[in-house]
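Have a look at the structure below, then the notes.
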Amino acid sequence: MTEVEPAGAELGAPAQLPPSSGAGRGMFGVQGTGDTSGFGGLRRRREVELDSPRPFGGYFDEVVDGLEEAYPGFADAIERVVVDRGELTLHVVPERIAEVAQTMRDDPALRFELLSSVSGVDYLGSDGRRLHAVYHLTSMTFRRRIRLEAAVTAEDPHLPSVTQIYPTADWQERETYDMFGIVFDGHPNLTRILMPDDWEGFPQRKDYPLGGVPVEYKGAEIPPPDQRRSYQ
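So the sequence shown is numbered by this note's numbering: it starts at 108 and just counts up by one.
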């Protein structure tokens, strides 16, 4: 049955979810201010189930079965298999991420030849491993896409580098290190790529200050979002 949008709803406006959906207003508690960060209009969806049930649908079952057959340590390396929003994510034990990536690339039944992106996520407030590295893999042979995800703690944020497997990870791992502080062991030159070499802290961690950070090369200061000009 087709859902009908309420009368008067503006095109592009955030969906109004019922209270039972578990939606939250904003990400930083910002309401009714001149926030220019864009976070104030976000709505959180229900939490995804820990593990998605089979069948996953589409080619997802074939990919998971292919990895399980090709990689003997599958049961110990794969923590969760999640299908959400039409995408497949394999949550991998941190120490095994390079091994799994190698199998995803080399096995003839998988052939994920391209690592298109390495990025980071900070789930501040979650227990233990709040920093997640996310790897977007593409099979140009079979025209498929999946994600690998590995989580580490802020106190010990170490992951094996995959640069020897996917050369595209070189600068992507550097950016993830620079913004989130995830250390990729074995990277050939893990230095900052966006911030100055002597910069303290990691700007995309959720506990990093939103504003008021001194800007060394201009002698200025960035005001917090609620004090910036609101563009109408």
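The beta-carbon is built from N, C-alpha and C at its ideal position, and this holds for glycine as well.
It should be emphasised that the depicted structure is a prediction, and the values quoted were computed from it without experimental measurement.
Check, Outcome
"Span separating the alpha-carbon of residue 253 from that of residue 181", "16 Å"
"Residue 253 (DSSP reduced to helix, strand or coil)", "strand"
"Reduced DSSP category for residue 176 - H, G, I as helix; E, B as strand; rest coil", "helix"
"Residue 155, DSSP secondary structure in three states", "With a pLDDT of 48 at residue 155, under the threshold of 50, the predicted position of this residue should be treated as unreliable, though the coordinate-derived value follows. Of the three classes helix, strand and coil, the one that applies to residue 155 here is coil, per DSSP."
"Distance between beta carbons of residue 266 and residue 257, contact taken as under 8 Å", "6 Å"
"Residue 301 burial status per 10 Å Cβ neighbour count (16 or more: buried)", "exposed"
"Alpha helix (DSSP H) segment containing residue 192, residue limits", "Counting along the chain, residue 192 falls outside any alpha helix (DSSP H), and DSSP gives it neither H nor E."
"Whether residue 231 touches residue 314 by CB criterion (7 Å)", "yes"
"Buried or exposed by the 16-neighbour rule on C-beta atoms within 10 Å, applied to residue 298", "exposed"
"Of the listed residues 188, 291, 286 and 200, nearest to residue 304 (C-alpha basis)", "286"
"Helix, strand or coil at residue 267 according to DSSP, with G and I counted as helix", "strand"
"6 Å CB neighbourhood of residue 178 in its chain, flanking five on each side removed", "210"
"Spatial distance of residue 316 from residue 310 (CA atoms)", "8 Å"
"contact_flag[the region 266 to 276, the region 197 to 212] where n(CB pairs < 8 Å) is 3 or more", "yes"
"Burial state of residue 242, where buried means 16 or more other Cβ atoms lie within 10 Å", "buried"
"Residue 186 CB to nearest heavy atom of the ligand NAP below 6 Å", "Questions concerning the ligand NAP fall outside what the structure shown contains, since it holds no ligand whatsoever."
"Delimiting residues of the beta strand (DSSP E) encompassing residue 229", "221 to 229"
"Cβ-based neighbour list, residue 218, same chain, cut-off 7 Å, excluding 5 preceding and 5 following", "246, 248 and 249"
"Simplified DSSP assignment, three categories, for residue 132", "Low per-residue confidence applies at residue 132: pLDDT is 46, beneath 50, and the placement is therefore not dependable enough to give any value."
"As assigned by DSSP and simplified to three states, the class of residue 275", "coil"
"Residues near residue 225 in its chain [Cβ-Cβ closer than 6 Å; skip 5 each side]", "242, 276, 279, 280 and 283"
"DSSP state of residue 240 mapped onto helix, strand, coil", "strand"
"Pair within 7 Å by beta-carbon distance, residue 203 and residue 158", "no"
"Residues near residue 289 in its chain [Cβ-Cβ closer than 7 Å; skip 5 each side]", "227, 238, 240, 259, 264, 266 and 283"
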